[in-house]
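K.L.:
The opening residue of the sequence shown carries number 1 in my numbering; numbering runs sequentially from there.
My questions will all concern the structure given below.
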Amino acid sequence: MNLALLHIGIDDTDSKEGMCTTYVGAVAIDSLKSQGVKLEGYPKLIRLNPNWKLKTRGNCAIVFTTKVQKHQIPVVKETVLRTVEELAELHIKTTNPGVVFYEGERIPIKLRKFSKKVVQDITTIDEAESLAGEIGAEVHKFKLGRGIIGALAAIGNTLEHDWTFELIAYRKPENRGTPRKVDTASVVKMNTKTFPNTFGNLDPFTGEIRITPHTPCPILYGIRGEDAKTTLAAHKLVKSLEPIERFVVYMTNQGTDEHLRQAKVAEVKPYWSVIVGGEVSSAPKIILGGHVIFSMRDKTGKIDCAAYEPTRQFRDVAKKLIIGDKVVAYGGVKEKPELPLTINLEKLSILKLVPVLRKVNPTCPRCGKRMKSEGKGKGYSCKRCKIKVPASAAKLVEMRREIEVGAFEVPPRARRHLAKPLVRVAYPRREY
Ligand SMILES: [Zn+2]
Numbered sequence: 001m002n003l004a005l006l007h008i009g010i011d012d013t014d015s016k017e018g019m020c021t022t023y024v025g026a027v028a029i030d031s032l033k034s035q036g037v038k039l040e041g042y043p044k045l046i047r048l049n050p051n052w053k054l055k056t057r058g059n060c061a062i063v064f065t066t067k068v069q070k071h072q073i074p075v076v077k078e079t080v081l082r083t084v085e086e087l088a089e090l091h092i093k094t095t096n097p098g099v100v101f102y103e104g105e106r107i108p109i110k111l112r113k114f115s116k117k118v119v120q121d122i123t124t125i126d127e128a129e130s131l132a133g134e135i136g137a138e139v140h141k142f143k144l145g146r147g148i149i150g151a152l153a154a155i156g157n158t159l160e161h162d163w164t165f166e167l168i169a170y171r172k173p174e175n176r177g178t179p180r181k182v183d184t185a186s187v188v189k190m191n192t193k194t195f196p197n198t199f200g201n202l203d204p205f206t207g208e209i210r211i212t213p214h215t216p217c218p219i220l221y222g223i224r225g226e227d228a229k230t231t232l233a234a235h236k237l238v239k240s241l242e243p244i245e246r247f248v249v250y251m252t253n254q255g256t257d258e259h260l261r262q263a264k265v266a267e268v269k270p271y272w273s274v275i276v277g278g279e280v281s282s283a284p285k286i287i288l289g290g291h292v293i294f295s296m297r298d299k300t301g302k303i304d305c306a307a308y309e310p311t312r313q314f315r316d317v318a319k320k321l322i323i324g325d326k327v328v329a330y331g332g333v334k335e336k337p338e339l340p341l342t343i344n345l346e347k348l349s350i351l352k353l354v355p356v357l358r359k360v361n362p363t364c365p366r367c368g369k370r371m372k373s374e375g376k377g378k379g380y381s382c383k384r385c386k387i388k389v390p391a392s393a394a395k396l397v398e399m400r401r402e403i404e405v406g407a408f409e410v411p412p413r414a415r416r417h418l419a420k421p422l423v424r425v426a427y428p429r430r431e432y
């Protein structure tokens, strides 16, 4: 037996109007399986830099590894390329698919580094092509072929440090574009039985179902979870009121915070997603549209942080911050001309709240009643007892802050695919 591992990466097959790269992958996988081709491990769904302006909706690529005999390789490649050709939204200008084949037992370190860069930063088609040449990967470009960046990056993402799973169920072609029919009560029950081993099923505030997307894509629903077994069990609990064409379980970097990097304020660049610690340096203000903006600083500089309207209740936390509060901001940085760099908040940790002190009139030393002010700086008096005390007798009392120290996150409706939900973090979940 002359078995080889062939890694297959696919990206940029979808458009805002339809299709989904995960579906192209699912069809290719099923087609290969029906030809007796075996897969090694789980197929993977890799989310790429969420801040990149050329992304389609979720900016995801997929990769799967086949274990094949050398002579089967041409048939495998042909099946994959034909599937992409048939299903990709090639008529849409911004859809520029890429397919990459890489044969080998090990993923080269250079490719792993490239993969990290595609999740956290920006790269070019040239860079991807030259790396592919260097490591001996075979690239196939459709139209501009921008997808080879994500396809190569997906092969390079070995998901060694953290990962989750998503089971994705697809609709029959005739139902796509119509309202999704899933029994709401069954999703609530599924959530009760499987949370937190599955997550993001429901919006904690509105109770709204979050497993069904709102786009014209072929996805009926996606169930995210810590392990494949739980997502399969959850899938069995969900009652679909329309037929499911097929489903696939992807291992993924979703919910892992892989896009984030620690940074000082002065280091922050557009298109990065960052974790920045500092002190609130300007009071939060609510701007047109209901967005909340405040600025924070560390030793290297000052940066704006924004909790946008779709983050709903999360804004109430940001709104109650005051100058001096110590926080850690998590979020993506987009480039907007004329505006200062702004961290689009995904999460916020409040480490320390500054005390708010209020001056309280002293009480009369004889009758115990609250004394009256004689005017600014003139001290206090009790009219009944005819006692006067100096201005310095006033007390400073610490006021209760309306927020608490802790970690806060945007609701699932506004959450980035890559953002790690607090439920996955060691500290207990808090309500906003
Ligand atoms: Zn008195």
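For every residue, glycine included, the Cβ atom is placed at its ideal position computed from N, Cα and C.
Taking the beta strand (DSSP E) that V333 belongs to, which residues open and close that run?
P.N.:
Position 333 of the sequence shown, counted from the start, is the residue given in the question as residue 333. That run of the beta strand (DSSP E) goes 326-334.
K.L.:
Sorry if obvious, but does the Cβ on C367 come closer than 6 Å to a heavy atom of ligand 1?
P.N.:
Position 367 of the sequence shown, counted from the start, is the residue given in the question as residue 367. C367 Cβ: within cutoff of ligand 1.
K.L.:
Within 10 angstroms of its Cβ, does C60 collect 16 or more other Cβ (buried), or is it exposed?
P.N.:
In the sequence shown, residue 60 corresponds to position 60, counting from 1. The residue in question, C60, is buried, as its Cβ has 16 or more Cβ neighbours within 10 Å.
K.L.:
By Cβ distance below 7 Å, which residues in the same chain neighbour L260 in space, the five residues on each side in sequence not counted?
P.N.:
In the sequence shown, counting from the first residue as 1, residue 260 sits at position 260. Cβ neighbours of L260 within its own chain (closer than 7 Å, five residues either side excluded): S273, V274, I275, Y330.
K.L.:
Is R384 near ligand 1, judged by its Cβ being under 6 Å from some heavy atom?
P.N.:
Working through the sequence shown from its first residue, we reach residue 384 at position 384. For ligand 1, at least one heavy atom lies less than 6 Å from the Cβ of R384.
K.L.:
When the Cα atoms are used, what is the spatial distance from R416 to E346?
P.N.:
Position 416 of the sequence shown, counted from the start, is the residue given in the question as residue 416. Position 346 of the sequence shown, counted from the start, is the residue given in the question as residue 346. Whole-angstrom Cα-Cα distance: 8 Å.
K.L.:
Starting from the C-beta of V119, find all residues in its chain whose C-beta is less than 8 Å away, skip the five residues before and the five after it, and write them out in chain order.
P.N.:
As a first step, residue 119 is located in the sequence shown; it is residue number 119 there, counting from the start. Answer for V119: I46, R47, L48, N49, A153, N157, N253, E258, H259, L418, listed in chain order.
K.L.:
Can you tell me whether DSSP reads N175 as helix, strand or coil?
P.N.:
Walking along the sequence shown from the start, residue 175 turns up at place 175. N175 falls in the helix class under three-state DSSP.
K.L.:
Relative to the alpha-carbon of K33, which residue among K67, E103, P204 has its alpha-carbon at the smallest distance?
P.N.:
Within the sequence shown, residue 33 is the residue found at index 33, counting from 1. Per the Cα distances, K67.
K.L.:
Please identify the residue among G379, Y102, P340, P284 whose C-alpha is closest to the C-alpha of K269.
P.N.:
Numbered from its first residue, the sequence shown carries residue 269 at position 269. K269 has its Cα closest to that of P340, out of G379, Y102, P340, P284.
K.L.:
Which residue's Cα is closest to the Cα of I293: T94, P284, K320?
P.N.:
Along the sequence shown, one-based indexing puts residue 293 at 293. The option with the nearest alpha carbon to I293 is P284.
K.L.:
Got a sec: does ligand 1 put a non-hydrogen atom nearer than 6 Å to the Cβ of C364?
P.N.:
Mapped onto the sequence shown, residue 364 falls at position 364. Within the cutoff, so yes.
K.L.:
Please specify which runs of the beta strand (DSSP E), each continuous and at least 3 residues long, are wholly inside the stretch 250-286, giving them in chain order.
P.N.:
260-262
K.L.:
Please state whether DSSP places K320 in a helix, a strand or coil.
P.N.:
On the sequence shown, position 320 is the one that residue 320 refers to. It is coil, neither helix nor strand.
K.L.:
Counting only runs that start and end within the stretch 332-401, where is the beta strand (DSSP E) found for 3 or more residues in a row?
P.N.:
342-352, 356-360, 380-382, 387-389, 395-399
K.L.:
Helix, strand or coil, according to DSSP, for E17 in the structure here?
P.N.:
Taking the first residue of the sequence shown as 1, we reach residue 17 at position 17. In this structure, E17 counts as coil in the three-state DSSP scheme.
K.L.:
Buried or exposed for Q72, please, with buried defined as at least 16 other CB atoms from any protein chain shown within 10 angstroms of its CB.
P.N.:
Here the question's residue 72 lines up with position 72 in the sequence shown. By the neighbour-count rule (16 or more Cβ atoms within 10 Å), Q72 is buried.
K.L.:
When you compare only the Cα positions, how much space is there between K326 and Q313?
P.N.:
In the sequence shown, residue 326 corresponds to position 326, counting from 1. In the sequence shown, residue 313 corresponds to position 313, counting from 1. Cα to Cα, the separation comes out at about 21 Å.
K.L.:
Straight-line CA distance for T13 to T194?
P.N.:
One-based indexing of the sequence shown puts residue 13 at position 13. One-based indexing of the sequence shown puts residue 194 at position 194. Taking the straight line from one Cα to the other gives about 33 Å.
K.L.:
Are there 16 or more other CB atoms within 10 angstroms of the CB of K395, so buried, or fewer, so exposed?
P.N.:
Locating residue 395 in the sequence shown gives position 395, where the first residue counts as 1. Exposed, since its Cβ has fewer than 16 Cβ neighbours within 10 Å.
K.L.:
Looking only at its chain, what residues have a beta carbon closer than 8 Å to the beta carbon of Y427, apart from the 5 residues adjacent to it on each side?
P.N.:
Start at 1 with the first residue of the sequence shown, and residue 427 comes out as number 427. Because Y427 carries a pLDDT of 39, less than 50, the predicted location of this residue cannot be relied on, and the following value inherits that uncertainty. G406, A407, listed in sequence order.
K.L.:
Determine the direct distance from the alpha carbon of G104 to that of T178, and round the result to whole angstroms.
P.N.:
On the sequence shown, position 178 is the one that residue 178 refers to. On the sequence shown, position 104 is the one that residue 104 refers to. Rounded to whole angstroms, T178 to G104 spans 43 Å at the Cα level.
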